[in-house]
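Novice: To start, I am sharing the structure in question, which I have written as structure tokens.
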Amino acid sequence: MIVRNYLGEDDELAQHIIRQLNTPLDWPEGEGLSAEYVARIAAAAACDVSHNHAANGHLVDLFAALPLPGTAGGDEFWASLGRVAGDAALYIDPANAGGPFFDRLLNGNEGGIAGRVLSFLEKLDDQQRDAVAEVVGTALARDAYVAGSSYLGKLWLRDAETCAWHVWLASRREHETGTDRRRFLEAWGNA
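Counted from 1, the sequence shown has number 279 at position 151 by the working numbering; the numbering is strictly sequential.
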């Protein structure tokens, strides 16, 4: 069956199909699909998974907009970022959080790089955050004529922080969020 070929047992969509729809992944055995089940599976795919994948992809795109490691401009950029961010930069330095982390992010390990981005930003004091925004903004401004480098850098940092938060939050599996939602609705209903 197509669903089984593209889903692992631990995949978020697989968990949704198994738990919420009470449907084994190899269903139906010799049965036809009903429009209702097709619609429910489509809704699960669209709502539960696409936000997560979109947030993951956007986080990768934010880093892809920065100078590439291993290039002359990239090496200078990452060295400058390390100088102004201090030890916090180690969380996102390509030597520490390189290719495998982004590969894992795109393959479903949502929390890894997002946690590193959040840790990086948490460790920055206000002065460092402004200096990082300037370094990032200067790198981004080379291709943009819309705003100043400091402003572009602040936008990048804000977007990276929000996106990493979304990725981290979305990495919680549906069975965890489902329990939290039920408890929330019950507590608020009884308030």
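Note that CB positions come from ideal geometry on N, CA and C, so glycine has one too. Please read these numbers as outputs of a predicted model, since none were measured by experiment.
Hey, would you say A267 sits closer than 7 Å to F191, going by beta carbons?
Specialist: To locate residue 267, count along the sequence shown from 1; it is residue 139. To locate residue 191, count along the sequence shown from 1; it is residue 63. Cβ atoms of A267 and F191: not closer than 7 Å.
Novice: Between S208 and L297, what straight-line distance do the alpha-carbon atoms span, to the nearest angstrom?
Specialist: On the sequence shown, position 80 is the one that residue 208 refers to. On the sequence shown, position 169 is the one that residue 297 refers to. Cα to Cα, the separation comes out at about 30 Å.
Novice: Measuring CB to CB, does S278 end up less than 7 Å from A261?
Specialist: Here residue 278 is taken as the residue at index 150 of the sequence shown, counted from 1. Here residue 261 is taken as the residue at index 133 of the sequence shown, counted from 1. Yes. Within cutoff.
Novice: Quick check on DSSP: helix, strand or coil for I220?
Specialist: Taking the sequence shown and counting its residues from 1, one reaches residue 220 at position 92. Reduced to three states, the DSSP call for I220 is coil.
Novice: Could you give the first and the last residue of the continuous alpha helix (DSSP H) run that contains T290?
Specialist: For the purposes of this step, residue 290 is taken as residue 162 along the sequence shown, with counting starting at 1. Per DSSP, T290 belongs to the alpha helix (DSSP H) from S277 to A298.
Novice: According to DSSP, is T151 helix, strand or coil?
Specialist: As a working mapping, residue 151 is identified with position 23 in the sequence shown. Three-state result, T151: coil.
Novice: From I146 to P152, what distance separates their C-alpha atoms?
Specialist: Here residue 146 is taken as the residue at index 18 of the sequence shown, counted from 1. Here residue 152 is taken as the residue at index 24 of the sequence shown, counted from 1. For I146 and P152, the distance between alpha carbons rounds to 5 Å.
Novice: How do the region 311-319 and the region 282-297 stand: do at least 3 beta-carbon pairs fall below 8 Å, yes or no?
Specialist: No contact exists between the region 311-319 and the region 282-297.
Novice: Within 10 angstroms of its Cβ, does W316 collect 16 or more other Cβ (buried), or is it exposed?
Specialist: The sequence position of residue 316 within the sequence shown is 188, counting from 1. Classification of W316: exposed, given that the 10 Å Cβ count is below 16.
Novice: Compute the Euclidean distance between the alpha carbons of R257 and A213, then round it to the nearest angstrom.
Specialist: Within the sequence shown, numbered from 1, the residue matching residue 257 stands at position 129. Within the sequence shown, numbered from 1, the residue matching residue 213 stands at position 85. When rounded, the distance between both Cα atoms is 7 Å.
Novice: Please classify A292 as buried or exposed, where buried requires at least 16 neighbouring CB atoms within 10 angstroms.
Specialist: For the purposes of this step, residue 292 is identified with residue 164 of the sequence shown, where counting begins at 1. The residue in question, A292, is buried, as its Cβ has 16 or more Cβ neighbours within 10 Å.
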